[in-house]
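Residue numbers (our numbering), protein chains in the order written: chain A, 853 to 1398; chain B, 329 to 480. Where a beta carbon is used, it is the ideal one built from N, C-alpha and C, also for glycine. In this text the structure is predicted, and so the values were computed from the model without any measurement. I have placed the structure first, in the form of C-alpha cells, so that the comments after it can refer back to it.
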C-alpha cells in the first residue's frame, strides 16, 4: 500500500525512465493523461472528476441560450449518456414546453396589461428577458458525494435542455451548471435571464399559475435592477431598497394569494408579513430583512419606512416592453441629442397613454430626459404630454392600419425622407382618413416641435400628397430668401420666385400654414415687409389667388 | 470520543468518533462505499469513501473544487493529506416556500487524507463551513487526526 506522495514519486520515476524530460511541474492539478484515465474517472463519479468539470454559472452568463441545447466542450470526447440523463433532459424539455404554454396564455391576455406585457418581454426575435429551465442533473448525487458534501445539502442542476457532458480539461468546463440548495426553484442569471425549475422538490410539476407569477415577479426584479432605482438591493439584502424591490415584485405578480387580495392595503400588509414576519423568532420570510426590522426599536427610521411603504414604487410597474425601450433609448440620447433622440420619440410613439403618464411622472425619467439637453427635452416632453383621452388615442389609428402606425413612427422619428415614404405607402382611403383627423393633427403638434418640419407635414397630410412636403419646404425657403433680401431695398410686391412657390402649394397646404402652423407662418410670412406679407397672407387664407 | 473502525477495500480504517455519532451510508456514491457523519448537513460532513481509486484521489478532489469553487486555496498538500479553503460566492435564489433568499457566500475548509493501492483507494476527512460551531470543527479535526489505516 502506498500513500499519495509515494505514488506520485513512483509515477514520476516511471515517467523519467520512459522519457528523460524535465520533472513534471504539476502534481495535483494534472488532468487525466489518457483516454483510459478519462473513462475511469467518468465511470467513478459520472464524469465529474475529469479536470475542471463544472463551473459556476456566473462565469458563463449568456452562454446558455433559451431552450438551446448546450454543447459539449470543444475537443471533449463524446460522452455516453449517464444513467437518468435522458429522463432529466426530457424534464427540461417539458419545462420549456410548459413555460412556453404559460407565456402563450399570458400573451393572449387582454384584460391585464402586466400579464400581457410580461409575455412581450419574453417573446420576440431578441427577447428583453429570456428564460431557461434548471433541472437536477441525473448525476447530481454522485457529484455531491465526490465532493464529500452531506446528503440533502446541495443539488446540481443543468440549465437549458441538455445535460452537458462534463468537460475533458479544466479549461473547458460546461456552461450553465448550477450548484444550489435542494429547495431552490429558480434564480436570475446576469441581467436578463430567468432560470426556472419545472418540478417542485416533491417531483410535482409546477402549475401554469406558478410559472406565470414567477415570470412576472422575476421580470420585475430584472427591470428594477436595470433602472437602478433601488441600488442597495444589489448589495444589501437587509436594506430598505431590497424590501422595496421584493415588495414591488410580489405586489405586481398578478397571480397567487397576494394578487387575489383586491384590497390593496391588505395586500401590502400580507406582503410585509411575508417579508419580515411577525417577530424576530418567526422562521418565515426573508431572514435578513426580518432581523434588520425586528432588532431595531419601534420608531427607527428603517422600521417606519417599511411600515409606511404600502404601494409598489419605481418605474415600469407593469413590466412594459415599451417603457423599457423608452428607458433604454434615453441612455444614448444623453450623449447624442440629435439622432438618438429620434429613437426616444419612436419609443414614445409606441407607448400607451397610461405609459406616457407613468413616464411623465417618473422623477428618474425626468432626470434622464433633462440630461438630453433643453431642445431634446422639449421634444420628448411634448410627445409624452400628448392627450391621454380615448378620443385622441382611439382616433389616431382606429382601423389599426400597420401603414398608418408606421407613419406615426416616422413622424416621431422626424426623418423627412422616411416620413414621406411612409405617407406615400398609405392607401387613398387612409390618406383621406387622416386628412382632417383631429387626433393626427394633435399627434403632429406634440411630436414635431420644429415649425418648419411641422408645416411641411401639415401640407402633406391636408393635401393628401407627399409632394406637398417639398412644396412647403420650397415656399418657406423663398420666404426666408425674401426676408434676407429686405436688408437691401425692400420689395414692393411679392417676388416672382416666392409667388411661384406659393403657386406650388395646394389650397389645403396654404390654409394649413395660415391656421394650423401659425408659429411657422408668423416667423416666415408675417415678418416680411407689408408689401409682401399682406398679399401673401391673403393668398394663404384663400382670399386671393397666388 | 470513542474508537471506531470502517472495513475498507484497503483494510481497517480506525478513527475516533464523537459520542453518539454514527457513520451512515451515503447512497450518492457511484461505486465503492461512502460513509458519513453530518450532524448539521448544511455546514458540512465527515466522510469515508473507499473503492476504485479513480475519483478518490487528491487530484480528483482538487479538480472538483477548482471546478465548482470560486476561490480555491491549497492550504496544505502533505504526504497523504490535502487541505483546501474553498469559497463559493452567494446568490439570490427563489426558494420553495420562502421566496427570494440571499444565499450567503460559503467559506469552507476541507481536510482529507488519501490512501491508494493497486487501483483501490480510501479517502477520509471532512469539509466544513467556517461558520460552523467550534465544537463541531474540533470534533471533525480530532476525527481526521485519528485516522489510521491498518493493512489486512
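Look at the Cβ atom of residue i, then the Cβ atom of residue j, and state whether they are nearer than 8 Å.
{"i": "residue 1377/A", "j": "residue 1363/A", "result": "no"}
{"i": "residue 1292/A", "j": "residue 1361/A", "result": "no"}
{"i": "residue 1209/A", "j": "residue 1264/A", "result": "no"}
{"i": "residue 1235/A", "j": "residue 1200/A", "result": "yes"}
{"i": "residue 1174/A", "j": "residue 1207/A", "result": "yes"}
{"i": "residue 1123/A", "j": "residue 1137/A", "result": "no"}
{"i": "residue 1225/A", "j": "residue 1189/A", "result": "yes"}
{"i": "residue 1204/A", "j": "residue 1106/A", "result": "no"}
{"i": "residue 1256/A", "j": "residue 1267/A", "result": "no"}
{"i": "residue 1326/A", "j": "residue 1372/A", "result": "no"}
{"i": "residue 1048/A", "j": "residue 1040/A", "result": "no"}
{"i": "residue 399/B", "j": "residue 411/B", "result": "no"}
{"i": "residue 994/A", "j": "residue 356/B", "result": "yes"}
{"i": "residue 433/B", "j": "residue 418/B", "result": "yes"}
{"i": "residue 456/B", "j": "residue 392/B", "result": "no"}
{"i": "residue 354/B", "j": "residue 1104/A", "result": "no"}
{"i": "residue 449/B", "j": "residue 368/B", "result": "no"}
{"i": "residue 1037/A", "j": "residue 424/B", "result": "yes"}
{"i": "residue 339/B", "j": "residue 475/B", "result": "no"}
{"i": "residue 379/B", "j": "residue 359/B", "result": "yes"}
{"i": "residue 962/A", "j": "residue 953/A", "result": "no"}
So, for residue i: in the same chain, excluding its five sequence neighbours on each side, which residues have a beta-carbon less than 6 Å away from its beta-carbon?
{"i": "residue 1093/A", "result": "1082, 1084, 1085"}
{"i": "residue 453/B", "result": "439, 440, 441, 472"}
{"i": "residue 351/B", "result": "363, 365"}
Taking the alpha carbon of residue i as the reference point, which residue from the options has its own alpha carbon closest?
{"i": "residue 1271/A", "options": "1117/A, 1317/A, 984/A, 1012/A", "result": "1317/A"}
{"i": "residue 1051/A", "options": "1329/A, 1298/A, 988/A", "result": "988/A"}
{"i": "residue 472/B", "options": "375/B, 362/B, 383/B, 447/B", "result": "375/B"}
{"i": "residue 1321/A", "options": "1178/A, 1341/A, 1273/A", "result": "1273/A"}
{"i": "residue 1397/A", "options": "1367/A, 1130/A, 973/A, 1356/A", "result": "1356/A"}
{"i": "residue 1172/A", "options": "1125/A, 1112/A, 1074/A", "result": "1074/A"}
{"i": "residue 1071/A", "options": "1151/A, 1079/A, 973/A", "result": "973/A"}
{"i": "residue 1115/A", "options": "1287/A, 1162/A, 959/A, 1343/A", "result": "1162/A"}
{"i": "residue 976/A", "options": "1033/A, 955/A, 991/A", "result": "955/A"}
{"i": "residue 1108/A", "options": "458/B, 465/B, 427/B", "result": "427/B"}
Quick check on residue i: buried or exposed, where buried means 16 or more other Cβ atoms within 10 Å of its Cβ?
{"i": "residue 1099/A", "result": "buried"}
{"i": "residue 435/B", "result": "exposed"}
{"i": "residue 1016/A", "result": "buried"}
{"i": "residue 970/A", "result": "buried"}
{"i": "residue 1388/A", "result": "buried"}
{"i": "residue 1365/A", "result": "buried"}
{"i": "residue 1156/A", "result": "exposed"}
{"i": "residue 1063/A", "result": "buried"}
{"i": "residue 1135/A", "result": "exposed"}
{"i": "residue 1132/A", "result": "exposed"}
{"i": "residue 1059/A", "result": "exposed"}
{"i": "residue 1374/A", "result": "exposed"}
{"i": "residue 1111/A", "result": "buried"}
Within a Cβ cutoff of 7 Å, which residues of the same chain sit near residue i, ignoring the five residues on either side of it in sequence?
{"i": "residue 1239/A", "result": "1294"}
{"i": "residue 346/B", "result": "329, 467"}
{"i": "residue 1386/A", "result": "none"}
{"i": "residue 1184/A", "result": "1192"}
Closer than 9 Å by beta-carbon distance: list the chain A residues that pair up with residue i, in chain order.
{"i": "residue 370/B", "result": "1002, 1004, 1005, 1033"}
{"i": "residue 329/B", "result": "By Cβ distance, chain A contributes nothing, its closest Cβ being about 21 Å from residue 329/B, past 9 Å."}
{"i": "residue 343/B", "result": "Correct list: empty, because the minimum Cβ distance to chain A is about 15 Å."}
{"i": "residue 440/B", "result": "1000"}
Please list, in chain order, the chain B residues whose beta carbon lies closer than 8 Å to that of residue i.
{"i": "residue 986/A", "result": "Under the 8 Å cutoff, chain B gives no residues; its nearest Cβ is about 10 Å from residue 986/A."}
{"i": "residue 1089/A", "result": "420, 430"}
{"i": "residue 1098/A", "result": "427, 428"}
{"i": "residue 1198/A", "result": "Going along chain B, no residue has its Cβ under 8 Å from residue 1198/A, so there is no contact; the nearest lies around 34 Å."}
{"i": "residue 993/A", "result": "355, 356"}
Grab me the residues of residue i's own chain with a C-beta within less than 8 Å of its C-beta, minus the 5 sequence neighbours each way, in chain order.
{"i": "residue 1335/A", "result": "1376, 1379, 1380"}
{"i": "residue 1258/A", "result": "1274, 1277"}
{"i": "residue 388/B", "result": "382"}
{"i": "residue 1168/A", "result": "1075, 1079, 1175, 1176, 1179, 1210"}
How would you list, in chain order, the residues of chain B whose beta-carbon sits under 9 Å from the beta-carbon of residue i?
{"i": "residue 1138/A", "result": "426, 427, 428, 429, 430"}
Starting from residue i, find everything on chain A with Cβ-Cβ shorter than 7 Å and list it in chain order.
{"i": "residue 419/B", "result": "1039"}
{"i": "residue 362/B", "result": "997"}
{"i": "residue 334/B", "result": "Residues of chain A passing the Cβ test: none, with the nearest at roughly 15 Å."}
Under 8 Å Cβ-Cβ, which residues of chain A neighbour residue i?
{"i": "residue 354/B", "result": "997, 1003"}
{"i": "residue 455/B", "result": "999, 1000, 1001"}
{"i": "residue 423/B", "result": "1033, 1035, 1036, 1037"}
Against residue i, what residues of chain B qualify as contacts under a CB-to-CB distance less than 7 Å, listed in chain order?
{"i": "residue 1156/A", "result": "What residue 1156/A touches in chain B: nothing, since even the nearest Cβ is about 23 Å away."}
Taking only beta carbons into account, state which residues of the segment 1120-1139 of chain A come closer than 7 Å to chain C, listed in chain order. The displayed structure is made up of protein chains A and B, and chain C is not among them.
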